[in-house]
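Some notes on the structure that comes next.
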Amino acid sequence: MHTPHRPAASRPVLLVVAHGSRDPRHAATVHALVRRVRALRPGLRVETGFLDFNAPTVSGVLERLDAEGVRDVVALPLLLTRAFHAKSDIPAVLRAAPARLRVTQAAVLGPSPLLLSALERRLYEAGLDPADKSSTGVVLASAGSSDPEAIAVIADIAREWRHTGWCAVRPAFASASLPRTEDAVRALRATAGVRRVAVAPYVLAPGFLPDRIARGAADADLLADVLGPAPEVARLLVRRYDEAYAPGTCPVAPLARIPALA
Numbered sequence: 214m215h216t217p218h219r220p221a222a223s224r225p226v227l228l229v230v231a232h233g234s235r236d237p238r239h240a241a242t243v244h245a246l247v248r249r250v251r252a253l254r255p256g257l258r259v260e261t262g263f264l265d266f267n268a269p270t271v272s273g274v275l276e277r278l279d280a281e282g283v284r285d286v287v288a289l290p291l292l293l294t295r296a297f298h299a300k301s302d303i304p305a306v307l308r309a310a311p312a313r314l315r316v317t318q319a320a321v322l323g324p325s326p327l328l329l330s331a332l333e334r335r336l337y338e339a340g341l342d343p344a345d346k347s348s349t350g351v352v353l354a355s356a357g358s359s360d361p362e363a364i365a366v367i368a369d370i371a372r373e374w375r376h377t378g379w380c381a382v383r384p385a386f387a388s389a390s391l392p393r394t395e396d397a398v399r400a401l402r403a404t405a406g407v408r409r410v411a412v413a414p415y416v417l418a419p420g421f422l423p424d425r426i427a428r429g430a431a432d433a434d435l436l437a438d439v440l441g442p443a444p445e446v447a448r449l450l451v452r453r454y455d456e457a458y459a460p461g462t463c464p465v466a467p468l469a470r471i472p473a474l475a
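Per our numbering: the sequence shown = residues 214 to 475.
This is how it looks when you write it as structure tokens:
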């Protein structure tokens with residue numbers, strides 16, 4: 214059930230904060246996701262800012278919004294876990310915003326059942342038959358982090374996802390932590406009941422580390438695409454905006470009522 218939205222002029226601007234990359238596929242994927250968010254919430258102003266490598270920068274967007282007379286901004290980290298960027302450098306950039314701006318930092322995207330639905334969407338798009346779910350082992354392959362909290366979250370997600378019907382789910386990391394994707398693939402090959410191994414990148418956009426995940430998946434039966442502009446990811450961005458903008462409200466349907474592949 215949807216609650217009424219205020220006129221667009223009275224709603225905070227949504228600023229999607231992306232990491233940025235030298236790989237042009239990264240920015241292209243971020244922009245595709247933002248386009249889908251705009252389509253989901255017509256009338257909401259959505260801007261994109263990058264922390265590094267790409268333009269416009271987060272600080273540049275904030276300065277432009279201030280010059281235009283905008284006073285309220287929800288800054289949404291395009292991140293799957295609360296690691297260094299969410300805890301340190303994004304807050305630092307936001308604290309340096311023009312004084313007249315009221316900036317609220319929204320929660321990171323994960324964990325969320327919507328992300329699990331997006332992961333499954335990508336696996337099925339890559340050719341996995343849903344009927345084979347119970348005999349498939351999946352590598353949940355994330356970028357990796359030196360933050361113990363972020364690593365623990367990935368392990369928790371793998372355990373939760375396993376209980377949705379997969380034969381087995383193992384976490385893997387492209388950097389900072391172990392095991393690597395190729396090690397998790399080998400471990401699943403030796404797991405009782407696993408007839409095929411699939412790798413599901415738990416990353417939002419292409420780049421150096423997703424490419425490393427892909428190389429590590431060479432011996433898997435199937436490699437899914439990055440999450441990118443999956444419909445579930447776009448819906449999750451809107452949800453995080455709503456949660457930051459109007460805490461305590463439920464402007465979208467409860468998670469359990471959203472079809473996994475709608």
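Built from N, CA and C at the ideal position, the CB exists for glycine as well.
For G350, the enclosing beta strand (DSSP E) starts and ends at 349 to 355. Taking each of L435, T294, V306, E333 in turn and checking the Cα distance to E276, the smallest one comes out for V306. Three or more beta-carbon pairs separated by less than 8 Å link the segment 223 to 234 to the segment 278 to 295, which places the two stretches in contact. Three or more Cβ pairs closer than 8 Å define a contact, and the segment 427 to 445 meets that threshold against the segment 237 to 252. Positions of the alpha helix (DSSP H) runs, each at least 4 residues long and wholly inside the segment 289 to 349, are given as 303 to 308, 326 to 338 in order along the chain.
When C-alpha distances from A397 are compared across R452, L278, V351, the shortest belongs to V351. Within the segment 239 to 274, no run of alpha helix (DSSP H) at least 4 residues long lies entirely inside it. Excluding sequence positions up to five before and after L436, its CB lies within less than 7 Å of the CB of A339, V412, A427, A430, all in the same chain and listed in chain order. Taken in chain order, the unbroken stretches of beta strand (DSSP E) that lie wholly in the segment 409 to 437 and span 3 residues or more are 409 to 415. Residue environment analysis places H376 among the exposed positions, since fewer than 16 neighbouring C-beta atoms fall within 10 angstroms of its C-beta.
By the C-beta density criterion, D265 is exposed, having fewer than 16 other C-beta atoms within 10 angstroms.
Under the three-state reduction of DSSP, P361 is assigned to helix. In this structure, D360 is the residue among D360, A280, P311 with its C-alpha nearest to the C-alpha of K300. For V451, there is no enclosing beta strand (DSSP E); the residue is found in the alpha helix (DSSP H) stretching over 444 to 458. In this structure A385 is not in contact with R372, their Cβ atoms being roughly 14 Å apart against a cut-off of 8 Å.
An exposed status is given to E362, since fewer than 16 other beta-carbon atoms sit within 10 Å of its beta-carbon. Excluding its 5 nearest sequence neighbours in each direction, P414 has C-beta neighbours in its own chain below 6 Å: A354, P423, I426, V439, listed in chain order. Each residue's CA atom was taken as its position, placing A433 and R402 some 9 Å apart. Per DSSP, reduced to three states, the secondary structure at L228 is strand. In the three-state reduction of the DSSP assignment, P392 falls in the coil class, being assigned neither a helical nor a strand state.
When C-alpha distances from R235 are compared across V446, Y454, G420, E456, the shortest belongs to G420. Membership of A385 in the beta strand (DSSP E) is indicated by the continuous run 381 to 386.
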